[in-house]
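In terms of our numbering, the sequence shown is residues 246 to 730. Glycine included, each C-beta is placed from N, C-alpha and C at the ideal position. Quantities reported herein were computed from a predicted structural model and do not represent experimental measurements. See below for the structure under consideration.
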Amino acid sequence: MSGSSAMSLLLPLPLPLLVFPLSLAVSLSMLVIKVFVILIKIFSNFGYFVCLFCSQLRSYSHLFLLGKYITFILDPFQYQSVMKSHKLSFRIFTNKLLRKVFCIEKLATNDDLNDDLHGCYHLLRGTSLDILTENMMQNLKQVFELQLLKTTNWDTANLLTFCSSVIFEVTFTTIYGKSLAGNRKKFITELRDDFLKFDDKFPYLISDIPIELLGNVKSIRKKLITCLTSEHLAKTQEWSEVVQRRQDILEKYYTLEDFEIGAHHLGFLWASVTNTIPTTFWAVYYLLQHPEAMAVLRDEIDHLLQSTGQKKGSGFPIHLTREQLDSLVYLESTVLEVLRLCSFSSIIRFVQEDLTLHSETQDYCLRKGDLVAIFPPAIHHDPEIFEAPEEFRFDRFVEDGKKKTAFFKNGKKLKYYLLPFGFGASKCPGRFLAIVEVKQLLVVLLTYFDLEIIDDNPMEANYSRLLFGIQHPASDVLFKYKVKS
């Protein structure tokens, strides 16, 4: 990008639709990431930069690059009318990603398999979610009792490493059960380490870079898939209902020995863990940076425990249902605020037929084969919607002691003001479980531990996952913890 193009961002050119040319759909992330990272270095305030980028890029609409365009929908009042069009497809784009990252081939050619797998996502809601919540709390209890509740003196750890270790083990054992292998800890540690190495290369796996140029990630992926094949998963017990149902469906379309079954499970495990880890990191980090917020949350949790007759004794006696977790409005607000600040996902659709988008100012013609996207940070960082959007405010989503849902743009109430989990058919089916897990870990940490940050310098995000989820921190941060006396 030339210097003149960068400077043109400073011109006030508000528009509801932004046409951005790309060479290839699969190159989308890396190209936009490079542009964003360069410009982030220009603007010290990233929230301001996001708003500026999303409202002032009309100059790009005249560029042409090998005939591939992506149209960003920037008007939140148009989201629903645009995304419900039958001429837009979510599957075409995601099937390419699944094939490229996880080696899942059959979904691109078998709609019945796709439909059947989507049909079991109801097992991540309702009563099934209550069961998962209970099992997750028990697994969290086991992790803390065996390892962390013995820490009576101050112990030091890297926060991201700490969150990665706890979240991965608790998530895996909740969803896939416990290994029957002799050394369970060794199994989960090796699996976690390989998974994190694989996940670290995700931004490159979705690019056009040949996997052979990405070090040993190809062999790590093969090892992970092998660990999740039918043969190896048979060595774990207490599968969750959703995993059992998915396995039954996969055996309907594949032979039991098919390697691609393991690829499906790797994709499911990745979706269950990859964004929960950084979300938990940022939640703990912001609370450590804002002791007043931590005090309010601790008080809220203590009141709930007292009202339910629970005492914080030795060991791990507390038990909170999903309904009780949802009643903690300041805890809920804290998690939502973290998602608002740190989620940089996009919602992408493939244009299957020529399509005209209508707006108040003009019409936009989209060609078959182009892409359409919603970029939620455009609203998450809009100062008209969220006052001082670059600041962490733990109570931003609380009003009169209840969850706040009224946010406005141009004097009109927004239906969609927070979109960290996607939109419509592509909305993350595991979002409820992910939020429960973050809440559970925060409750345990705030109830049982004294926590202090050691590295008190402001933490920046690593924007390599721009358009694809919660951003990781640019570096890890030291903190210390000990069991409350």
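Are residue i and residue j touching if we call contact CB-CB under 7 Å?
{"i": "N380", "j": "T419", "result": "yes"}
{"i": "I506", "j": "Y499", "result": "yes"}
{"i": "L473", "j": "H510", "result": "yes"}
{"i": "L385", "j": "Q685", "result": "yes"}
{"i": "L404", "j": "V722", "result": "yes"}
{"i": "T579", "j": "E682", "result": "no"}
{"i": "W399", "j": "K727", "result": "yes"}
{"i": "A670", "j": "F335", "result": "yes"}
{"i": "R641", "j": "E582", "result": "yes"}
{"i": "V688", "j": "I454", "result": "no"}
{"i": "F317", "j": "F595", "result": "no"}
{"i": "I465", "j": "D361", "result": "no"}
Nearest-angstrom Cα distance between residue i and residue j?
{"i": "L570", "j": "Q555", "result": "14 Å"}
{"i": "R490", "j": "C365", "result": "7 Å"}
{"i": "L374", "j": "C610", "result": "42 Å"}
{"i": "Q301", "j": "L319", "result": "Because the pLDDT at Q301 is just 48, under 50, the model does not fix this residue reliably, and the point stays unresolved."}
{"i": "K725", "j": "D503", "result": "46 Å"}
{"i": "K442", "j": "S424", "result": "21 Å"}
{"i": "T378", "j": "K647", "result": "23 Å"}
{"i": "S709", "j": "F407", "result": "21 Å"}
{"i": "V617", "j": "V388", "result": "43 Å"}
{"i": "L549", "j": "L573", "result": "8 Å"}
{"i": "I715", "j": "N355", "result": "30 Å"}
Between residue i and the rest of its own chain, which residues show a CB-CB distance below 6 Å, the 5 nearest in sequence each way excluded?
{"i": "P665", "result": "L584, S588"}
{"i": "H717", "result": "P523, N707"}
{"i": "L532", "result": "A538, M539"}
{"i": "A508", "result": "F347, C348, I349, I470"}
{"i": "I456", "result": "K463"}
{"i": "S792", "result": "What is shown of the chain runs 246 to 730, which leaves residue 792 out entirely."}
{"i": "G667", "result": "I592, C673"}
{"i": "S720", "result": "none"}
Could you work out which residue in the options is closest to residue i when comparing CA atoms only?
{"i": "F432", "options": "E414, F443, K442", "result": "E414"}
{"i": "K467", "options": "E545, F440, L696", "result": "F440"}
{"i": "F322", "options": "K647, A623, K480, S709", "result": "A623"}
{"i": "E705", "options": "V327, T396, F407, W527", "result": "W527"}
{"i": "L333", "options": "G614, D700, E496, E629", "result": "G614"}
{"i": "H564", "options": "Y421, T692, E598", "result": "T692"}
{"i": "Q534", "options": "F677, L696, E644", "result": "L696"}
{"i": "N428", "options": "V411, T481, G460", "result": "T481"}
Say yes only if the C-beta of residue i is nearer than 6 Å to one or more non-hydrogen atoms of the ligand ZN, and no if none qualify.
{"i": "K480", "result": "By its list of ligands, the structure shown contains no ligand whatsoever, and the ligand ZN lies outside what it can speak to."}
With a threshold of 16 other CB atoms inside 10 Å of the CB of residue i, please say whether the residue is buried or exposed.
{"i": "H363", "result": "exposed"}
{"i": "I699", "result": "exposed"}
{"i": "G422", "result": "buried"}
{"i": "F713", "result": "buried"}
{"i": "D701", "result": "exposed"}
Excluding the 5 residues flanking residue i on each side, which residues of the same chain have their C-beta closer than 7 Å to its C-beta?
{"i": "G675", "result": "L369, A516, S517"}
{"i": "L342", "result": "I451"}
{"i": "L358", "result": "K351, L352, Y498"}
Are the C-beta atoms of residue i and some chain C residue less than 7 Å apart?
{"i": "T416", "result": "In the structure shown, chain C does not exist; there is a single protein chain."}
Might you give, ordered along the chain, the residues of its own chain that have their beta carbon closer than 8 Å to the beta carbon of residue i, omitting 5 neighbours on each side?
{"i": "I630", "result": "I624, F652, F653, K654, L659, Y662"}
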